[in-house]
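Colleague: Here it is: the structure, laid out below.
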Amino acid sequence: MANNLHLTDPSTSAAASNSVVTAGPVGKSKEEDEEEEEENMDVELGKFPSSGDPDKVAIMQSILSQFTEEQMSRYESFRRSGFQKSNMKRLLTSITGSAKISMPMTIVVSGIAKMFVGELVETARIVMAERGESGPIRPCHMREAYRRLKLEGKIPKRSVPRLFC
96 MANNLHLTDP STSAAASNSV VTAGPVGKSK EEDEEEEEEN MDVELGKFPS
146 SGDPDKVAIM QSILSQFTEE QMSRYESFRR SGFQKSNMKR LLTSITGSAK
196 ISMPMTIVVS GIAKMFVGEL VETARIVMAE RGESGPIRPC HMREAYRRLK
246 LEGKIPKRSV PRLFC
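The sequence shown begins at 96 in the numbering used here and counts up by one.
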């Protein structure tokens with residue numbers, strides 16, 4: 096079943112989205128380069144679902160303005176990523192045993208799965224920071240993050256016990 100849960104990311108690569116190509120004059124100051132890079136990293140607030148509440152938009156804007164480059168890059172990747180609908184539909188079909196899985200149900204479960212993966216990754220980053228490690232997330236970080244989320248009650252308990260464990 097795990098093969099069906101591949102994340103899709105329409106960007107070509109994380110490195111490509113982080114690189115900034117400047118075609119301006121060679122004598123640019125470091126501050127100008129940093130300002131230009133910050134402008135390129137901005138997330139368009141128009142893409143957020145508008146609830147008509149300007150306070151929520153202002154809060155979101157203030158949160159995003161405090162992100163580091165690395166956090167902003169991860170956030171943009173998170174916004175663009177998702178589970179393939181066909182794979183999620185196949186997974187739901189195998190779980191429920193029903194051949195009729197509606198598209199809204201698929202979208203809702205995909206959204207919940209995406210939120211879970213996002214929380215798991217953020218917790219794994221916290222684990223890495225506590226251990227003083229950097230670089231990519233390793234399986235040991237994911238296992239510890241899962242263990243912590245389970246202790247916090249954020250992982251639901253099995254409703255049907257396993258038969259052969």
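Cβ atoms here follow ideal geometry from the backbone N, Cα and C, with glycine treated the same way.
Can you look up phenylalanine 178 in the DSSP assignment and give me helix, strand or coil?
Modeller: Taking the sequence shown and counting its residues from 1, one reaches residue 178 at position 83. Residue state, collapsed to three classes: strand.
Colleague: Smallest Cα separation from glycine 206: which of Phe259, Lys184, Ala153?
Modeller: If you number the sequence shown from 1, residue 206 lands on position 111. Nearest of Phe259, Lys184, Ala153 to glycine 206, Cα basis: Lys184.
Colleague: First and last residue of the alpha helix (DSSP H) that includes phenylalanine 211?
Modeller: By 1-based counting over the sequence shown, the position of residue 211 is 116. Run containing phenylalanine 211: 198-226, per the alpha helix (DSSP H) assignment.
Colleague: Flag this pair as yes or no: are the beta carbons of glutamate 247 and valine 222 separated by less than 8 Å?
Modeller: Within the sequence shown, residue 247 is the residue found at index 152, counting from 1. Within the sequence shown, residue 222 is the residue found at index 127, counting from 1. In this structure, valine 222 does not lie closer than 8 Å to glutamate 247 by Cβ.
Colleague: Just the C-alpha distance for alanine 208 and arginine 175, rounded to the nearest angstrom, thanks.
Modeller: Within the sequence shown, residue 208 is the residue found at index 113, counting from 1. Within the sequence shown, residue 175 is the residue found at index 80, counting from 1. Their Cα atoms are separated by approximately 14 Å.
Colleague: According to the neighbour-count rule (16 or more other Cβ atoms, all chains shown, within 10 Å of its Cβ), is alanine 153 buried or exposed?
Modeller: Residue numbering aside, residue 153 sits at position 58 when the sequence shown is read from its first letter. Alanine 153 counts as exposed, since fewer than 16 other C-beta atoms from the protein chains shown sit within 10 angstroms of its C-beta.
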